[in-house]
Amino acid sequence: VRVLHPAGTARLNREPEVRLVDVVQERPGVADRQAIRSFVNFDWFGLNAQASLGHETDNVDDLILLPRTETTQGVVSVTYTPLQTPAADGQIPPPAWYGQPTFNITHVDVDQGVEKATASLASGALHATRNTTLSAMFNYSTWSWSAVHTFGKDIDYINAGPDTENKTTQLAANLRIGEKLSLNPNLQFNEVINNDDRTLDSETVSAGLSLGYAFSQRVNANLGYSANRQQVQDGSVNIRTHDITGSLGWIVQPAQGLKPGVALSLEGQYHDAEDRVTTSNDVENYQVFLKASVSWQPGY
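Here it is as structure tokens:
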């Protein structure tokens, strides 16, 4: 989600703005590719629309033994953030009960094909990907929440892999309690449909919570927990995982001018994986790190 005008600001310019940019880029070296991409950007009164179209070709030096593939990518993204109107005294009023919203829709098309064939790879369509993302974010003075839904499909024209459809839904929130504590819960559900073999359909559910606490400007702590469940329709995969992470950081000396900064941190990780199909794959481990870092931000 791209927030064009966050809560607490107002934009008075209502004139539409359109920018067209054409970029031609040749990238020599290991990749040996040639690419061209065009961009369009439109911005008007809280509404932003962006679009790009690109074409890339590899093996531009016509190596006889290698095929030449081409990739075309199109992206369209539209974001809308209603602008807040200042009151008569010039102050921005507090957000409504639903907060300061931002809505976005993004669609991506990627098509790959073979432009020059070889003995091992015939010319024609190779692979295609379609993805659409819908998102909404609502900001308040001390917290925010968001919902994101993505759906798409992968098409394999040469049957090197299965044709699949995927759906992902995610809910997340960010809460600030007082001046020092922050909470970040999240929940995600993902489903993958295998159109070649529906018994291989899979689903994954993930949930997590992270806490952050600032003892002072130099000392802070973080604690996170996440749980994950992955299953395949035919019963070949059934895995549960649990992860705990924590850290305590101390900025001993902030970097300033020619004086380097020094920071210390104590970090820990715990990972537990339970494989309910093959119990010999169960894993339980933990790691603890004591880190020291030196930074330097010279001023001129």
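Numbering of the sequence shown is given in the working numbering, commencing with residue 7 and proceeding in unit increments. Don't be surprised by glycine CBs; every beta carbon is placed ideally from N, CA and C. Just so it is clear, the structure is predicted and the values come from calculations on it, not from any experiment.
- Which whole-angstrom value describes the C-beta separation of Leu215 and Tyr231, a residue pair presumed to lie in contact below a C-beta threshold of 8 Å? For this step, residue 215 is matched to residue 209 along the sequence shown. For this step, residue 231 is matched to residue 225 along the sequence shown. About 6 Å separates the two Cβ atoms, so the contact holds.
- Task: Using a threshold of 8 Å, state whether the C-beta atoms of Thr175 and Gly158 are closer than that.
- Result: The count along the sequence shown starts at 1 and reaches residue 175 at position 169. The count along the sequence shown starts at 1 and reaches residue 158 at position 152. Against a cut-off of 8 Å, the Cβ pair of Gly158 and Thr175 comes out as no contact.
- Task: Could you check which residue in Thr87, Asn145 and Glu76 has the C-alpha nearest to that of Gly105?
- Result: For this step, residue 105 is matched to residue 99 along the sequence shown. When only C-alpha atoms are compared, the closest one is Asn145.
- Task: Assuming Leu132 contacts Thr210 (C-beta within less than 8 Å), just tell me the rounded distance between them.
- Result: As a first step, residue 132 must be located in the sequence shown, where it is residue number 126. As a first step, residue 210 must be located in the sequence shown, where it is residue number 204. Not a contact, Cβ separation roughly 28 Å.
- Is DSSP giving Leu71 helix, strand or coil here? Position 65 of the sequence shown, counted from the start, is the residue given in the question as residue 71. It is coil, neither helix nor strand.
- On a CA-only basis, which of Trp256, Thr156 and Ile245 is nearest Val114? Give me that one, please. Mapped onto the sequence shown, residue 114 falls at position 108. Ranking the options by Cα distance to Val114, first place goes to Thr156.
- Item | Sequence-distant residues of its chain with Cβ nearer than 8 Å to Thr124 (five each side left out) | Translated into positions along the sequence shown, residue 124 becomes position 118. The answer, listed in chain order, is Leu71, Leu72 and Pro73.
- Nearest-angstrom Cβ-Cβ length linking Gly218 and Gly252, presumed shorter than 8 Å: For the purposes of this step, residue 218 is identified with residue 212 of the sequence shown, where counting begins at 1. For the purposes of this step, residue 252 is identified with residue 246 of the sequence shown, where counting begins at 1. At roughly 11 Å, the Cβ-Cβ gap does not stay under 8 Å, so Gly218 and Gly252 are not in contact.
- Leu127 (DSSP reduced to helix, strand or coil): If you number the sequence shown from 1, residue 127 lands on position 121. Residue state, collapsed to three classes: coil.
- With a floor of 3 residues, list each beta strand (DSSP E) that falls wholly inside the stretch 108-170, ordered by position along the chain. Restricted to the stretch 108-170, the beta strand (DSSP E) segments that are unbroken, complete and at least 3 residues in length are 130-145 and 149-162, listed in chain order.
- At which residues does the beta strand (DSSP E) containing Tyr292 begin and terminate? The count along the sequence shown starts at 1 and reaches residue 292 at position 286. Counting along the chain, the beta strand (DSSP E) containing Tyr292 begins and ends at Val289 to Ser301.
- Message: Classify Asn287: buried if its beta carbon has 16 or more other beta carbons within 10 angstroms, exposed otherwise.
- Response: Locating residue 287 in the sequence shown gives position 281, counting from the first residue. Asn287 counts as exposed, since fewer than 16 other beta carbons sit within 10 angstroms of its beta carbon.
- Item | For Leu189 and Leu181, believed in contact at Cβ under 8 Å, the rounded distance | Position 175 of the sequence shown, counting from 1, holds the residue named residue 181. Position 183 of the sequence shown, counting from 1, holds the residue named residue 189. Right, their Cβ atoms sit about 4 Å apart.
- Report buried or exposed for Glu290, applying the criterion of at least 16 other Cβ atoms within 10 angstroms of its Cβ. Taking the first residue of the sequence shown as position 1, residue 290 is located at position 284. When all chains shown are included, Glu290 counts as exposed.
- State the CB to CB distance for the pair Ser147 and Pro100, rounded to an integer number of angstroms; the pair is presumed to be in contact (CB under 8 Å). Numbered from 1 along the sequence shown, position 141 holds the residue referred to as residue 147. Numbered from 1 along the sequence shown, position 94 holds the residue referred to as residue 100. Indeed, because the Cβ distance is near 7 Å, the residues count as touching under 8 Å.
- Query: Taking just the CA atoms, how far does Gly119 sit from Val46?
  - Reply: Your numbering for residue 46 matches position 40 in the sequence shown. Your numbering for residue 119 matches position 113 in the sequence shown. For Val46 and Gly119, the distance between alpha carbons rounds to 25 Å.
- Query: For Leu193, which residues does DSSP report across the bridge?
  - Reply: Sequence index remark: in the sequence shown, residue 193 carries index 187 (1-based). Bridge partners of Leu193: Leu177 and Ala213.
- Task: Enumerate in chain order the residues of its own chain whose CB-to-CB distance from Thr284 is below 7 Å, with the five nearest sequence positions on each side excluded.
- Result: By one-based count along the sequence shown, residue 284 stands at place 278. Hits under 7 Å: none found.
- Run through DSSP, which three-state label would Ser286 get? Residue mapping note: residue 286 aligns to position 280 of the sequence shown, counting from 1. Helix, per DSSP.
- Collapsed DSSP secondary structure at Thr91 in the structure displayed: Within the sequence shown, the letter at position 85 stands for residue 91. In this structure, Thr91 counts as coil in the three-state DSSP scheme.
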